[in-house]
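Undergrad: Chains as they are written, first to last, in my numbering: chain A, 1327 to 1644; chain S, 83 to 866.
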Amino acid sequence: MAAESRNRGTPLDLEVINSIRINRSALERRASSLPKRRAVKSDWQVAWMLHAIRCIDLTTLAGDDTPGRVLRISQKAIRPIRTDLLSALDLDVNTIHCASVCVYHNMVETVSKSVQGSPVGTCAVSTGFPAGHIPHHQKLEQIEASVAAGADEIDIVVSRSNVLRNDWQALYDEVKDFRHSCGDAHLKTILATGELASLKQVAQASQVCMMAGADFIKTSTGKESVNATLPVGLVMARAIRDFYERTGNKVGFKPAGGISKAKDAVTWLAMMKEELGEEWMRPNLFRIGASSLLGDIERQLEFHLSGHYSAANRHPMA
Amino acid sequence: MAVKEILESLDWGPAPESDKFAREWLDQHGPSFGMYINGQWVTPESGDNFESFNPATGELLGTISQAGDSEVNSAVAAARAALPGWSSSPGHVRARYLYAIARQVQKHHRLLAVIETLDNGKPIRETRDADVPLVARHFYHHAGWAQLFDETFPGYGPVGVCGQVIPWNFPLLMLAWKIAPALAAGNTVVLKPAEFTSISALVFAEICNSVGLPPGVVNIVTGDGKTGALITEHDDIDKVAFTGSTEVGRIIRKATAGSGKALTLELGGKSPFIVFEDADIDSAIEGLVNAIWFNQGQVCCAGSRLLVQESIAERFHEKLRSRMAKLRIGNPMNKAIDMGAIVDESQRKTIEDLCKLGCDEGGEMWQPSTELPDKGCFFPPTLFTNVSPSSTIVQEEVFGPVLVSLTFRNHKEAISLANNTRYGLAGSVWSQDIDTALEVARSIRAGAIWVNCTNQFDANAGFGGYRESGFGREGGREGMHAYMRPLSNGTKTEKMESRGEQKSVTKSSSSNATESVDRTAKMYIGGKQKRPDGGYTMDVTGPSGTVGQVGRGNRKDIRDAVEAASGATKWATTNAHTRSQILYYIAENLEQRSAEFAARISAMTGSTTAQAESEVADAVSEWFRWAAWADKYDGAVHETTMHGLVLALNEPLGVVGVTCPDERPLFGFTRLVAPLLAMGNSVIAVPSESNPLAATDLYQVLETSDLPAGVLNIVTGIHSEFVPALAAHDGVDSMWVGVGDVDEVQIASVSNMKRVWKVNMDASGDEYLRQSTHVKNIWLPHGV
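Next up, the structure:
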């Protein structure tokens, strides 16, 4: 991603925040009709599924992560698809790789070394992920430590209490500090939408984060009881469109949590294309945070190529 | 395209639906299709037929039989023969058949959806996700009404043999809307699908056959408008139900007037889609896609008139254009397209001509550069700006994917613009402010209002229009009434009419000396006593000579009375408690003068003092009755498939003209006028021709009872001299014919399609209340 294309941020504009109006039932209707209106079939489905892989931040955020496990994931991110499958599609082995590997700070160095020389990025969750209940200075220190350890993308969590209390100034200041600590690393702001009061608050928090300089806005940590849903995605995608139309800054979108089926990934891509256009389907502006999604895509791809359903053991595990 | 290339372009691809099974069905049953009459498949004796095409490809689907006299006769005869058995079968038995039909529709849903798309050109996504599921839901729901018929509608029975003519825009769904309630109430039907789209009705006939529906209960005849006319004009049809253009509706209205046939019409619209500055703008844009580009805009309730608040108009139009550019247009069998084909080249031409006229009149037309398929009948999504209410394209229904956009300054202007139409079918309001949304929803004169949504339908929410969009409702309890009649339908009304005719009226204006000071009743218009415009007075005679005089009204008095009534519509929004108090007050003031009224009645009618006193007492009681009802005729909250509330409001009709019977003139006047007033209507009452003084004596009672000026207007005289003007007046929303020729009134009222009720004096209170109101359904989805 070229540095000049990064979101420069804007001053906090409360007038914009306060004028936001969101209608949930209308969004739910749109969300339910969108996958049906934009079904993608046959070769297109294959291509879109392959493309979805390019947008994956392959994620492991478990208490029992070890360097060995993380290493395996990193290698899988570099070569996510069996070579014979790619050859059958007349694709070069280097065409398809995940966007990044996403881990806790302690694993950043492992990933960073493992993916070195490949186009796969290193992504760290940060700022007291997932709840964010640690002192502000420690959050900044954590970001800086991860960047120093080799992370080029930082996924932070916002203080939900700032959002829930509509304290937009506090949210803005917090995220602006995070952005500063990131330096050249890209900042993804996790809203934890499942813990916010309303879709309107999702839209408002999205705008504040973008004003504060977020490179991406992201739905969830994957740890809330409600993860990325299509209505939430529509709200955030439209916020991005609005921010772009108002300021000329392009901000990316990352749904995360609960996206485990190839079909869902294609639906999210269709949503991006419908609401924001083809440019926003590319990995510099669209990511999917997922762990088990890749496995389903692999099986679906093999089905499309062989004509029979595939099994997990036929694909290299992460 | 190779995967490698798609991976770069990330284009959409085709997602074709298979037509394999539909082809098989067409091959098995075609290429020439018969009709379903009396449980048999028949072909017309004449051998007449016409071709049916797939509008998306131009491909011939088959030839459809053209029913003539003989086929329509045998279909009606079959329905007549089946009626006694079907209507007397227990509700549970009818319920089982309707349930079986619903099940069959579900089992064959894909076949029905594909056939519908091939025949009509609408996207398979719509037939699959909207049309057919709604059809199944309609039959399930009405299986319920059949089951509950006796306990829910005691005292009611079916109307009889129903002739039903439906349009091509939702072929199977309109069939369901017609047949399900008819069968549930015990009617039998002869239905004609539109000539462009007959095939799904034939699949449906096969379903009827497969569930063992008794022969003659459902008859499907095919043909063009000529066949339609044969049905609607058939002598042995008891009820006509039509959905289609206002133009054809008017013809049917004329043809059925005077025939004694019951009639419901669901006609055109130019429904407003109102967006306030505090709406969720992006969602409103998406709402518009569903409002005007659903089914290529060939929807009677399409949100074809965008009203957007001036403060956001520019940005809104910009967003709208970029959304329009993303709509995919193409073969409707592609699951991933937004717009399919226009039903027929003739319709496409109509749309094109109206657009051309729109441009000629100075409108600014915008269409995205989206490519249309090379062959087939397609029209791009179209937006007109720089138009005004005086533009033809803003007033006329286009019935195509054409949206016109106007701006408004505030909610009052939005309401005025919304109601500035001959139609009143539906409306959509977008605002996140509950006060704005509800205020505007209640103020739009239309049968269905969608708040922050559009084109929502459910079997349990009545659908139908105000004004020239027709009358009658389809769906829910209110829809069932369109297929029922009270079993006690009175002969009494006719008796009264004939009595009225027996009495002579002196049309001279000679004056007799009387004992009291001369008291010539004038007209009562706008709360004031007005001299008759013509300047003529006529005597009212009783058995013992002249009793008094009244003004001899003419059409100008009617004009003034309608104007006064139209200006008094605040009565409709006056709270029910206040309306009720005023009606009680009228009763109170009437009773105070009961001796005087009784004497007058005796003098006019020759009734005994006791009879006259009892009539006054009854009239007082009648005022009490409707005063009591004023705040008790509640609406309903419908249970539908939507998450949210659907509020069914009983709204006044507006301005109602009433002709009052001769018999028991004070009581008759009260029975007709009081319920209308109780429900918030403004009334022009025409008292009995021979006994008008009972009404004119009320002037002083009304004046002392705080009834607002213009709410009740009274015009006396010779009915034949001005009632036709009243019936023909476009400002009158409905007519109640208590005396006189209902046929003449129906014929005269064709111009604005007003609802006409031939009063049954013995009808239940519920019937009076229903005739005083129409149902508006307000859809309120919610969520945070």
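By construction, the Cβ of each residue, glycine as well, lies at the ideal position given by its N, Cα and C atoms.
1) Exposed or buried, what is residue 1464/A when buried is set at 16 or more other beta-carbons lying within 10 Å of its beta-carbon?
2) Where does residue 719/S land, buried or exposed, given buried means 16+ other C-beta within 10 angstroms?
3) For residue 325/S, which option in 827/S, 251/S, 126/S, 283/S has the closest C-alpha, if you only look at C-alpha atoms?
4) With DSSP as the reference, please indicate the residues paired to residue 494/S in a beta bridge.
5) Excluding sequence positions up to five away, which residues of its chain have a Cβ less than 6 Å from the Cβ of residue 1475/A?
6) Relative to chain A, which residues along the region 450-480 of chain S have a C-beta separation below 7 Å, given in chain order?
7) Assign residue 663/S to one of three DSSP states: helix, strand, or coil.
8) Note the first and the last residue of the continuous beta strand (DSSP E) segment covering residue 611/S.
9) Less than 9 Å between CB atoms is the rule here; does residue 257/S satisfy it with respect to chain A?
10) Grab the span of the alpha helix (DSSP H) containing residue 1621/A for me, first residue to last.
11) Spatial neighbours of residue 376/S within its chain, please: C-beta separation below 6 Å, excluding the five flanking residues on both sides.
12) My understanding is that residue 513/S touches residue 519/S, with C-beta atoms under 8 Å, so please give their C-beta distance in whole angstroms.
13) State the start and end residues of the unbroken alpha helix (DSSP H) segment that holds residue 766/S.
14) For the candidate residues 186/S, 760/S, 336/S, whose alpha-carbon lies nearest to that of residue 291/S?
15) If you scan the region 481-551 of chain S from start to end, which runs of the alpha helix (DSSP H) of 4 or more residues do you find wholly inside it?
16) Would you report the Cα separation of residue 1367/A and residue 1342/A, rounded to the nearest angstrom?
17) Applying the criterion that 16 or more other CB atoms from any shown protein chain within 10 Å of the CB defines a buried residue, is residue 1527/A buried or exposed?
18) Quick one: give me the first and last residue of the beta strand (DSSP E) that residue 1580/A is part of.
19) What residues in the region 710-730 of chain S have a beta carbon less than 9 Å from any beta carbon of chain A?
20) Quick one: does residue 1387/A have its CB under 9 Å from some CB of chain S?
21) Check this for me: beta carbons of residue 543/S and residue 605/S, under 9 Å apart or not?
22) Below 9 Å between beta carbons: does that hold for residue 609/S and residue 685/S?
23) Give a yes or no on whether the C-beta atoms belonging to residue 1480/A and residue 1511/A are separated by under 9 Å.
24) I'd like to know whether the C-beta of residue 1399/A is nearer than 9 Å to at least one C-beta of chain S.
25) Rounding to the nearest angstrom, what Cα-Cα distance links residue 862/S and residue 724/S in this structure?
26) Which residues in the same chain have their Cβ closer than 7 Å to the Cβ of residue 1573/A, if we skip the five residues on either side of it in sequence?
27) In whole angstroms, what is the alpha-carbon distance linking residue 1576/A and residue 1455/A?
28) Under 6 Å Cβ to Cβ from residue 281/S, same chain only, skipping five residues before and after it: list those, please.
29) Using a Cβ-Cβ cut-off of less than 7 Å, list which residues of the region 1617-1638 of chain A approach chain S; keep chain order.
30) Using DSSP's beta-bridge definition, name the partner residues of residue 606/S.
31) How would you list, in chain order, the residues of chain A whose beta-carbon sits under 7 Å from the beta-carbon of residue 368/S?
32) Out of 854/S, 358/S, 632/S, 753/S, which has the shortest C-alpha to C-alpha gap to residue 737/S?
33) Have a look at the DSSP bridge pairing and note the partners of residue 114/S.
34) Hey, how far is the Cα of residue 183/S from the Cα of residue 636/S?
35) Nearest chain A C-beta to residue 402/S closer than 9 Å, yes or no?
36) Using the three-state DSSP reduction, which class does residue 706/S fall into: helix, strand or coil?
TA: So, from the data block:
1) In the first sequence, the residue the question calls residue 1464/A occupies position 138. Counting Cβ neighbours within 10 Å, residue 1464/A comes out exposed, since fewer than 16 surround it.
2) Counting from one through the second sequence, the residue named residue 719/S turns up at place 637. Answer is exposed; the Cβ neighbour count stays below 16.
3) Here residue 325/S refers to the residue found at position 243 when the second sequence is read from its first residue. The option with the nearest alpha carbon to residue 325/S is 251/S.
4) Along the second sequence, read from residue 1 onward, the residue named residue 494/S stands at position 412. In DSSP, residue 494/S forms no bridge with anything.
5) The residue you call residue 1475/A lines up with position 149 of the first sequence. Result list for residue 1475/A: 1434, 1435, in chain order.
6) For chain A, none of the residues of the region 450-480 of chain S brings a beta carbon within less than 7 Å of one of its beta carbons.
7) Against the second sequence, residue 663/S aligns to sequence position 581. Reduced to three states, the DSSP call for residue 663/S is helix.
8) As a position in the second sequence, residue 611/S is number 529, starting the count at 1. Taken as a continuous stretch (DSSP letters only), the beta strand (DSSP E) holding residue 611/S covers 610-612.
9) Here the question's residue 257/S lines up with position 175 in the second sequence. Closer than 9 Å: no.
10) One-based indexing of the first sequence puts residue 1621/A at position 295. Judged by DSSP secondary structure, residue 1621/A falls within the alpha helix (DSSP H) whose first and last residues are 1619-1632.
11) Residue 376/S sits at position 294 when you count from the first residue of the second sequence. Shown here for residue 376/S: same chain residues with a beta carbon closer than 6 Å to its own, the five before and five after excluded, namely 537 in chain order.
12) Locating residue 513/S in the second sequence gives position 431, where the first residue counts as 1. Locating residue 519/S in the second sequence gives position 437, where the first residue counts as 1. Contact between residue 513/S and residue 519/S holds, since their C-beta atoms are separated by about 5 Å, short of 8 Å.
13) On the second sequence, residue 766/S is found 684 positions in, with the first residue counted as 1. Taken as a continuous stretch (DSSP letters only), residue 766/S belongs to no alpha helix (DSSP H), being part of the beta strand (DSSP E) at 764-768.
14) Sequence index remark: in the second sequence, residue 291/S carries index 209 (1-based). It is 186/S.
15) If we require 4 residues or more, the alpha helix (DSSP H) runs fully inside the region 481-551 of chain S come out as 493-501, 516-525.
16) The residue given as residue 1367/A occupies position 41 in the first sequence. The residue given as residue 1342/A occupies position 16 in the first sequence. Going by the C-alpha atoms only, they are around 40 Å apart.
17) To locate residue 1527/A, count along the first sequence from 1; it is residue 201. Residue 1527/A is buried by the Cβ-count criterion.
18) Residue mapping note: residue 1580/A aligns to position 254 of the first sequence, counting from 1. Annotation for residue 1580/A: the continuous beta strand (DSSP E) segment containing it runs 1578-1580.
19) Sequence-ordered contacts of the region 710-730 of chain S with chain A read 724, 725, 726 [C-beta pairs closer than 9 Å].
20) The residue you call residue 1387/A lines up with position 61 of the first sequence. No, residue 1387/A does not count as interfacial toward chain S.
21) Along the second sequence, read from residue 1 onward, the residue named residue 543/S stands at position 461. Along the second sequence, read from residue 1 onward, the residue named residue 605/S stands at position 523. Result no, Cβ atoms of residue 543/S and residue 605/S do not sit closer than 9 Å.
22) Here residue 609/S is taken as the residue at index 527 of the second sequence, counted from 1. Here residue 685/S is taken as the residue at index 603 of the second sequence, counted from 1. Against a cut-off of 9 Å, the Cβ pair of residue 685/S and residue 609/S comes out as no contact.
23) Here the question's residue 1480/A lines up with position 154 in the first sequence. Here the question's residue 1511/A lines up with position 185 in the first sequence. Yes. Within cutoff.
24) Taking the first residue of the first sequence as position 1, residue 1399/A is located at position 73. Not one chain S Cβ lies under 9 Å of residue 1399/A.
25) Translated into positions along the second sequence, residue 862/S becomes position 780. Translated into positions along the second sequence, residue 724/S becomes position 642. The straight-line gap separating the alpha-carbon atoms of residue 862/S and residue 724/S is approximately 9 Å.
26) Within the first sequence, numbered from 1, the residue matching residue 1573/A stands at position 247. Spatial neighbours of residue 1573/A in its own chain (CB-CB distance under 7 Å, excluding positions within 5 residues in sequence) are listed in chain order as 1336.
27) The sequence position of residue 1576/A within the first sequence is 250, counting from 1. The sequence position of residue 1455/A within the first sequence is 129, counting from 1. Roughly 25 Å between the two C-alpha positions.
28) Here residue 281/S refers to the residue found at position 199 of the second sequence. Closer than 6 Å at the Cβ level, and outside the excluded window around residue 281/S, lie 197, 201.
29) Near chain S, meaning a CB-to-CB distance below 7 Å, no residue of the region 1617-1638 of chain A qualifies.
30) Position 524 of the second sequence, counting from 1, holds the residue named residue 606/S. Among the bridge pairs identified by DSSP, residue 606/S is matched with 611/S, 796/S.
31) For the purposes of this step, residue 368/S is taken as residue 286 along the second sequence, with counting starting at 1. Ordered by position in chain A, the residues that pass the 7 Å Cβ test against residue 368/S are 1352, 1356.
32) Working through the second sequence from its first residue, we reach residue 737/S at position 655. The candidate whose alpha carbon is nearest that of residue 737/S is 854/S.
33) Translated into positions along the second sequence, residue 114/S becomes position 32. According to DSSP, residue 114/S shares a beta bridge with 145/S.
34) For this step, residue 183/S is matched to residue 101 along the second sequence. For this step, residue 636/S is matched to residue 554 along the second sequence. If you take the alpha carbons of residue 183/S and residue 636/S, they lie about 56 Å apart.
35) The count along the second sequence starts at 1 and reaches residue 402/S at position 320. Cβ-Cβ to chain A under 9 Å: no for residue 402/S.
36) As a first step, residue 706/S must be located in the second sequence, where it is residue number 624. Here residue 706/S sits in helix by DSSP.
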